[in-house]
Amino acid sequence: VERTYDREGRETGYSSKVWREDAWIGVRKYSLVYDDYGNVAENCIYMWNESQVDWIPEIRTSRSYDSEGRLVSDASYYWSDGAWVGSGYMKEYCYDSNGNLLFDARYLWNTANACWILNDKKSDQFDSDGRLIHSVSETTTQRIDITWDDRKIVRTTYILSGTGAECEMIPS
-13 VERTYDREGR ETGYSSKVWR EDAWIGVRKY SLVYDDYGNV AENCIYMWNE
37 SQVDWIPEIR TSRSYDSEGR LVSDASYYWS DGAWVGSGYM KEYCYDSNGN
87 LLFDARYLWN TANACWILND KKSDQFDSDG RLIHSVSETT TQRIDITWDD
137 RKIVRTTYIL SGTGAECEMI PS
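Its first residue numbered -13, the sequence shown is counted upward by one per residue in this note's numbering.
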């Protein structure tokens, strides 16, 4: 195993090799890139390709963080036909100054356009005491809107997209 480090002593990569006949042959290589706050912003995995005698990208994870070290985006990719392709969900997050999660969204990879498209999202509002007072969750087919007062749900609205159907529940 060979390891590399940056000036701060953080590991930036390592590779594993196996002995075959009379030479060391690459198996897998990892690379790490850090952001300005010391968080791992990118992690790539490569596989050794003997016929090309080169490292070929396999998987990449990309993350970003705010100045408080909170995750604000997270996406995974795999290498296919010379390009990165989204894998699973890409996620985005936004926080208020108290660290409450105000917004999160998930995106799916659109292969036709080679980009992420919104799948679902949720936004929350908090009062000055940090209590959740309003939440909206949306997907491509529905919207759920919930309002709280003194920690009790006072109104829930369900809307089904495309149908115009709406149902509102107000507890007595």
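All residues carry an ideal CB built from backbone N, CA and C; glycine is no exception.
- If the five residues before and after residue 106 are omitted, its C-beta is found closer than 6 Å to the C-beta atoms of 92, 125, all from its own chain and listed in chain order.
- Between residue 49 and residue 70, the gap from beta carbon to beta carbon reaches 8 Å or more.
- Per the C-alpha coordinates, the member of 55, 59, 145 positioned closest to residue 89 is 59.
- A straight line joining the alpha-carbon of residue 31 with that of residue 7 spans about 25 Å.
- With contacts defined by Cβ atoms closer than 8 Å, residue 16 and residue 29 form a contacting pair.
- Residue 87 is not a Cβ neighbour of residue 75, given a cutoff of 8 Å.
- Around residue 131, the same chain offers 122, 143 as residues with beta carbons nearer than 6 Å, after the five sequence neighbours per side are excluded.
- A check of alpha carbon separations from residue 115 across 33, 85, 95 identifies 85 as the nearest.
- In the three-state DSSP reduction, residue 25 falls in the coil class, being neither helix nor strand.
- When rounded, the separation of the alpha-carbon atoms in residue 77 and residue 61 is 6 Å.
- Taking C-alpha positions only, residue 22 is separated from residue 64 by approximately 25 Å.
- Put simply, the backbone Cα of residue 102 is about 4 Å away from that of residue 95.
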